[in-house]
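Each remark here refers to the structure printed beneath this line.
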């Protein structure tokens with residue numbers, strides 16, 4: 018699916034970002050290279066996932082610590098995590114911007130937009146650096162806020178873990194073009210977001226779309242973003258494969274900052290981010306404690322990991338990682 022025609026111009030809301038096809042931006046190559054250099058200087062370099070003696074030692078310790086434990090032990094852990102969160106005043110005041118009334122947005126690390134508008138999104142700090150933004154699937158009325166966040170925070174990768182409609186229920190607004198409708202609109206402002214590049218099938222149910230995000234206030238120029246869409250991950254469930262999240266994470270590991278979302282932004286989103294955090298811990302040679310990791314993740318993104326199945330799946334992925342890591346990195 019490739020964009021055609023001239024880029025959409027912003028007329029009604031000049032501070033809102035637009036997106037368009039990468040094929041239409043070759044003339045901006047120099048500006049984009051300059052922007053990338055500026056971003057590289059401003060953003061942290063992610064920790065490498067290369068094999069090291071420290072990694073294998075930490076993984077071995079985790080396996081040895083986990084092996085004697087029963088499923089009931091892990092069930093008890095998850096039950097202990099399930100404390101009811103307290104809504105913040107901002108969450109309560111902006112009920113129309115929240116997809117679900119019972120999914121609380123933590124206020125202390127909520128993303129602040131320069132427009133002053135509220136967005137249901139939280140920074141996830143990993144090892145002292147802002148690495149991820151976990152957010153809900155955009156509503157019709159919050160699409161331009163979503164793309165403002167992408168542009169403002171120089172996000173280079175978006176990972177979408179839900180379908181727009183699941184079991185006849187809307188889970189995320191169609192905020193990017195399709196083959197039939199090549200221009201996406203934010204209905205609150207009737208603002209065009211522009212045209213996206215062609216969709217690529219990566220593997221299995223994973224697809225990637227390359228796009229450009231632009232806004233007049235962005236300096237020095239447009240932002241290249243990769244949009245990964247993992248389809249058919251069941252709501253409140255887990256994937257059939259233990260390799261799938263690792264293979265996806267290996268595709269974004271070199272990108273300093275990424276936005277991850279599903280519908281509520283806590284179940285599938287929290288599961289993928291937790292797998293990342295667990296792997297980072299091991300690659301630093303540190304002892305891995307899944308319970309403590311999820312507890313800390315929930316302080317940053319309330320209610321992350323919705324179900325017991327998702328909690329057990331994180332253990333399963335890491336334990337299987339010991340014997341199947343070579344398959345994860347193969348292409």
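In our numbering, the protein residues as written are 18 to 348.
Backbone N, C-alpha and C fix where the C-beta goes; we use that ideal spot for every residue, glycine too.
Kindly indicate the opening and closing residues of the beta strand (DSSP E) around residue 225.
223-231
Between 82, 165, 218 and 173, which has its C-alpha nearest residue 192's C-alpha?
Looking from the CA of residue 192, the closest CA among 82, 165, 218 and 173 belongs to 165.
What's the call for residue 274, buried or exposed, on a 16-neighbour Cβ count within 10 Å?
So residue 274 counts as buried.
Helix or strand or just coil, what does DSSP make of residue 150?
Here residue 150 sits in strand by DSSP.
Residue 244 classed as buried or exposed, judged by whether at least 16 other C-beta atoms fall within 10 angstroms:
buried
Just to confirm before moving on: does the CB-CB distance between residue 138 and residue 158 stay below 9 Å?
no
Taking all protein chains shown into account, do 16 or more other C-beta atoms lie within 10 angstroms of the C-beta of residue 143, making it buried, or fewer, making it exposed?
Per the 10 Å Cβ criterion, buried.
CA nearest to the CA of residue 98, picked from 119, 320 and 78:
320
With 16 other Cβ atoms within 10 Å as the buried cut-off, status of residue 161
buried
Go ahead and pull the three-state DSSP assignment for residue 311.
helix
What did DSSP end up calling residue 103 once you bin it into helix, strand or coil?
coil
Nearest-angstrom Cα separation, counted from residue 140 out to residue 127:
6 Å
Between the segment 294-302 and the segment 64-84, are three or more C-beta pairs nearer than 8 Å?
yes
Close Cβ partners of residue 61 (< 7 Å) along its chain, the five nearest in sequence each way excluded:
Below a pLDDT of 50, predicted positions are generally treated as unreliable, and residue 61, at 47, falls in that range; the measurement from the model is reported next regardless. 146 and 273, listed in sequence order.
Leaving out the 5 sequence neighbours to the left and right, which residues in its chain are closer than 7 Å to residue 118 when beta-carbon positions are compared?
112
Tell me the DSSP bridge mates of residue 244?
For residue 244, which the question treats as bridged, DSSP gives the partners 175 and 226.
Curious, which full-length alpha helix (DSSP H) runs of at least 4 residues does the segment 248-333 contain?
261-269, 285-300 and 307-317
Leaving out five residues on either side along the sequence, give the residues of the same chain with a beta carbon under 6 Å from the beta carbon of residue 123.
Closer than 6 Å at the Cβ level, and outside the excluded window around residue 123, lie 139 and 319.
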